[in-house]
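Residue numbers (my numbering): 109 to 199.
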């Protein structure tokens, strides 16, 4: 699998899983508001946070694969920090 294929797989999958994890977090919060047993909403919330964090990991992997793809296609000049440095020293 090429870096581009991995990027096009991981980035959208990460966004979908983050969205699903967010829905699960809201579902667990509603369980708490509805006064469900503590073990039930804590378990659901823990699972929801795990799904959310898995989505962030997938998204991060997609971003990493995109960077590797750009470096391979454009060479080291694809990674520039000249535009970032002045913004760090704005007063």
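From the three backbone atoms N, C-alpha and C, an ideal C-beta is built for every residue, glycine too.
- CB of residue 156 within 8 Å of CB of residue 129, strictly: Reading the chain shown from its first residue, position 48 is the one you call residue 156. Reading the chain shown from its first residue, position 21 is the one you call residue 129. For residue 156 and residue 129, yes; Cβs fall inside 8 Å.
- Message: Let me make sure I understand the geometry here. Which of 169, 165, 149 and 126 has the alpha-carbon closest to that of residue 137?
- Response: For this step, residue 137 is matched to residue 29 along the chain shown. Checked all of 169, 165, 149 and 126; the closest Cα to residue 137 is 149.
- Query: Can you tell me whether DSSP reads residue 183 as helix, strand or coil?
  - Reply: Counting from 1 along the chain shown, the entry for residue 183 is found at position 75. Of the three classes helix, strand and coil, the one that applies to residue 183 here is coil, per DSSP.
- Indicate the three-state DSSP secondary structure (helix, strand or coil) for residue 141 in the structure shown. Position 33 of the chain shown, counted from the start, is the residue given in the question as residue 141. Residue state, collapsed to three classes: helix.
- Item | residue 115 and residue 177 closer than 8 Å at C-beta | Position 7 of the chain shown, counted from the start, is the residue given in the question as residue 115. Position 69 of the chain shown, counted from the start, is the residue given in the question as residue 177. Yes, Cβ-Cβ distance for residue 115 and residue 177 is below 8 Å.
- Out of 180, 123 and 111, state which residue places its alpha-carbon closest to the alpha-carbon of residue 162. Counting from 1 along the chain shown, the entry for residue 162 is found at position 54. Comparing Cα positions, the closest option is 123.
- Using a threshold of 8 Å, state whether the C-beta atoms of residue 174 and residue 119 are closer than that. As a position in the chain shown, residue 174 is number 66, starting the count at 1. As a position in the chain shown, residue 119 is number 11, starting the count at 1. Taking 8 Å as the Cβ cut-off, residue 174 and residue 119 qualify as a contacting pair.
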